[in-house]
Amino acid sequence: MVTRKSAVPSALMLIVTFCFLAALYLTLNAQFLAVVQVAVYAGAIMVLVVFVIMLLNIRNEQYTITGNWKTVVGILGVLGILAQIISVFIAATDTLPKHLSESAVQLGTVESVGTKLYTSYAFPFEMASIILIAAAVGAIVLAKKKLT
Amino acid sequence: MVVEALIKIVIVLLTVLTAVSYLVLLERWISAWLQDRIGPNRTGPLGLFQPLADVLKLLLKEDIEPSQSEKWIHWLAPVISITVAFSVLAIIPFGSAIILSGKSYSLAIASNVNIGVLYIIALTSVGVYGITLAGWSSGSKYSLLGGLRSSAQMISYELTLGLGLVSVVMLCGTLDLGGIIQSQIAGGWNIIRAPLGFMLFLISSFAETNRQPFDLPEAEPELVGGYHTEYSSMKFALFFLAEYANMITASAVMSVLFLGGWHVPFLNTLGMDPSLLAVLGILAFGLKIFAFIFFFMWVRWSIPRFRYDQLMNLGWKVLLPLGIINIVITALEKTYLLH
Amino acid sequence: MLTNYIPLALMMMVAIGFGVIMANLSKWIGPRKPSREKLSVYESGMVPIGTTHERVSVKYYIVAMLFIIFDIEIVFLYPWAVTFDKIGAFALGEMFLFIGLLFIGYIYVVKKGALEWD
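Same order as they appear, the protein sequences are chains A, B and C. Numbered per this note's numbering, the first sequence spans residues 958 to 1105. Numbered per this note's numbering, the second sequence spans residues 439 to 777. Numbered per this note's numbering, the third sequence spans residues 124 to 241.
What follows is the structure, encoded as structure tokens:
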């Protein structure tokens, strides 16, 4: 469903979505992931998206946004899912654990990410640098017509 | 807890707002002093009511929304800027915890946040949008160019800012700002342990706050007002407020990360009363912030603006490699010297 | 644990509220006398020529792309820096390899002239 004619507000909506996703990570005690979600996705990748929108000079879509029934159906769908989530929570209050276990709380901290990433997952970590180099080369090949 | 946090928020915001209005006056005095002029002295005794007059003037101006602007985003951009500028204040510890009638109160709005430093990084990276969107939505060519330049500048120097921070985190082994201060009390201020990191952080702070010599986005001779060319009244004031609030937060963050925050060396050896020590700590922290702010202003009125290619070259070809070298130096220092 | 983050959320809400009120304040109490000339965009006093949203230089795209790459590198540095004392020499060598590889990429970028602003 398209609600915005212009591309920049749509990109803004995506940034807001990323920020709320970070809040969701935070409720799962994944602090590092939450911060990275904001710093990398909302703060770096979306800057590129906004730049590209400006770069390509994407104009506003010419069509008029019609079909109020789509909006109505969308809102009803959202409300339905929300009602379902709430009802599940109310039904399951007694069975849900009151507190997360200590190990689950520790899992998402920066310290535990660090100790795991640089010992058990050393190889994928080094691979990440190769992928990043490939991205840098790709960006330059794409953007530079005349390679000096 | 919520009430306690709200009280602290109100106190901090009121202090910052008052500080900002008087910093504007101070900046005008300092510029006058450096240029051998008199400066504002007509409004009230010594010109002390000048901030009041400025705020009233801005409030009563007409709010102009250019016909070619994207109204909604034009309105949103200053709100983003001010939100980011204020939100960073939430994790800064303004002093050591004080004990009132048996209960300990921490002097940070949010204490024990174990992602502390990363929260600053995340907010700084979101802060770019305020300026990008202001430039894009105004519908003016000057604004667009200013906004684009500014956002490219800010993301470039964010890298150096992050690299400078990494060396601090390496030395202190924690991301929590209170923990970083404790580590500095134990092992010496970070300005001594990581001088290169401090230089990098200081330079990129100038770029992140868009202060001279990095105020390319609003280079008057070529870009008029830059990204806020089309802004008037309180919306313009919000950008102005955000710039000065950013200057305060940048100074506070630098004091915490590199100058030991509220710590004064050798003061606890004098055997003073703990409450007096706490008050002196807060005063010392304020003094450190003020010293940084004075430095910001001093530089502004002493050093000419960079050209844009010089600015990007400095960021990408000098500071970024230096930041990486700084990480290597700090790693070796930590492994071989501090053990 | 999570309760430590409540003041942060409160601070953001207060800041947003402050921004919203301030951004509307002049609209509420300021004068309102719009005219066509006043609402046209500023272009040194001339009648604006053409549209504003022209295509911009591709260099901004390169800067943003390179920013993402090095930003991810720095994000990888934080967990390493926090656990520096615990994970020891192996991780140190590993990180030097990581930084070294990215530095090769950086040298490539500089040599290709992608960072020249001419």
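Don't be surprised by glycine CBs; every beta carbon is placed ideally from N, CA and C. Computed from a predicted model, the values in this text were never measured in an experiment.
Only counting the same chain, and skipping five residues up and downstream in sequence, which positions put a Cβ closer than 6 Å to that of residue i?
i, result
"PRO651(B)", "ILE741, ARG743, PHE744"
"ASN479(B)", "GLY485"
"GLU668(B)", "PRO504, SER576, SER578, SER581"
"GLY568(B)", "ALA515, ILE518, SER519"
"ALA690(B)", "ILE530, ILE727"
"VAL1007(A)", "ALA968"
"ILE767(B)", "none"
"TYR682(B)", "VAL458, LEU461"
"ASN684(B)", "ALA523, THR647"
Figure out for me which residue from the options has the closest Cα to the Cα of residue i.
i, options, result
"ILE972(A)", "GLY1000(A), LEU985(A), ALA987(A)", "GLY1000(A)"
"VAL137(C)", "ILE547(B), LYS495(B), GLY664(B)", "ILE547(B)"
"HIS701(B)", "ALA572(B), LEU725(B), ALA688(B)", "LEU725(B)"
"GLY1095(A)", "GLU239(C), TRP240(C), LYS235(C)", "LYS235(C)"
"TYR580(B)", "VAL756(B), LEU661(B), PHE733(B)", "LEU661(B)"
"PHE524(B)", "PHE733(B), ILE686(B), LEU463(B)", "ILE686(B)"
"LEU695(B)", "LYS495(B), GLU500(B), LEU494(B), ALA632(B)", "ALA632(B)"
"HIS1056(A)", "VAL965(A), ALA1093(A), THR984(A), PHE975(A)", "THR984(A)"
"ILE210(C)", "THR1028(A), SER1060(A), ALA1048(A), GLU1068(A)", "GLU1068(A)"
"MET145(C)", "VAL462(B), LEU494(B), GLY482(B), LEU718(B)", "LEU494(B)"
"LEU472(B)", "GLU771(B), TYR543(B), LEU775(B), PHE732(B)", "PHE732(B)"
"VAL462(B)", "MET750(B), ALA769(B), PHE734(B), LEU749(B)", "PHE734(B)"
"TRP203(C)", "SER1044(A), PHE989(A), ILE1047(A), ALA1093(A)", "PHE989(A)"
"ILE1088(A)", "PHE221(C), ILE230(C), ALA237(C), VAL233(C)", "PHE221(C)"
"ALA237(C)", "LYS755(B), LEU613(B), LEU760(B)", "LYS755(B)"
How long is the line joining the alpha carbons of residue i and residue j, rounded to whole angstroms?
i, j, result
"VAL607(B)", "VAL205(C)", "6 Å"
"LYS541(B)", "PHE532(B)", "18 Å"
"ARG466(B)", "VAL992(A)", "38 Å"
"ILE763(B)", "ILE197(C)", "13 Å"
"GLY616(B)", "SER594(B)", "28 Å"
"THR1033(A)", "ASN1025(A)", "Here residue 1033(A) is Leu; the residue named in the question, Thr, does not match the sequence. Rounded to the nearest angstrom, the two C-alpha atoms are 12 Å apart."
"GLY1037(A)", "GLU166(C)", "51 Å"
"VAL164(C)", "GLN506(B)", "7 Å"
"SER671(B)", "ILE445(B)", "29 Å"
"PHE487(B)", "GLU500(B)", "23 Å"
"ILE780(B)", "ASP208(C)", "With chain B covering 439 to 777 only, the question about residue 780(B) has no answer from this structure."
"VAL1030(A)", "HIS512(B)", "31 Å"
"THR1072(A)", "ILE558(B)", "23 Å"
"GLY477(B)", "GLY664(B)", "26 Å"
"LEU714(B)", "SER544(B)", "16 Å"
"TRP736(B)", "ARG649(B)", "11 Å"
"ILE629(B)", "GLU508(B)", "45 Å"
"MET188(C)", "MET692(B)", "28 Å"
Quick check: is the beta carbon of residue i nearer than 8 Å to any beta carbon in chain C?
i, result
"GLN506(B)", "yes"
"ASP747(B)", "yes"
"ALA443(B)", "yes"
"THR1076(A)", "yes"
"PHE524(B)", "yes"
Using beta carbons (cut-off 8 Å, strictly below), is residue i in contact with chain B?
i, result
"THR1105(A)", "Here THR1105(A) scores only 49 on pLDDT, less than 50, and its place in the model should not be relied on; the value that follows carries that caveat. Not an interface residue."
"PRO966(A)", "yes"
"LYS234(C)", "no"
"MET1084(A)", "no"
"GLU166(C)", "yes"
"THR984(A)", "no"
"VAL181(C)", "no"
Starting from the C-beta of residue i, find all residues in its chain whose C-beta is less than 7 Å away, skip the five residues before and the five after it, and write them out in chain order.
i, result
"THR1105(A)", "Its pLDDT being 49, under 50, THR1105(A) is placed unreliably by the model, and nothing is read from it."
"LYS182(C)", "TRP240"
"LEU224(C)", "none"
"LEU162(C)", "none"
So, is the C-beta of residue i closer than 8 Å to a C-beta in chain A?
i, result
"ILE762(B)", "no"
"ALA212(C)", "no"
"PHE219(C)", "no"
"LEU259(C)", "Coverage of chain C is limited to positions 124 through 241, which leaves residue 259(C) absent and any answer about it impossible."
"ASN550(B)", "no"
"MET145(C)", "no"
Kindly list the residues whose CB is nearer than 8 Å to the CB of residue i, restricted to its own chain and excluding five residues on each side of it in sequence; keep chain order.
i, result
"LEU1064(A)", "ASN986, ALA987"
"GLY228(C)", "ILE192"
"ILE765(B)", "LEU601, VAL604, SER605, MET608"
Counting beta carbon pairs with one atom in the region 706–717 of chain B and one in the region 554–568 of chain B, are three or more of them shorter than 8 Å?
no
Quick check: the region 582–590 of chain B against the region 604–623 of chain B, are there 3 or more CB pairs under 8 Å?
no
Whether or not the region 1069–1080 of chain A and the region 212–230 of chain C are in contact is what I'm after, with contact meaning three or more pairs of Cβ atoms, one per stretch, closer than 8 Å; do they touch?
yes
Flag this pair as touching only if the region 636–650 of chain B and the region 455–474 of chain B have three or more C-beta atom pairs under 8 Å; answer yes or no.
no
Contact between the region 146–163 of chain C and the region 668–683 of chain B: three or more CB pairs below 8 Å?
yes
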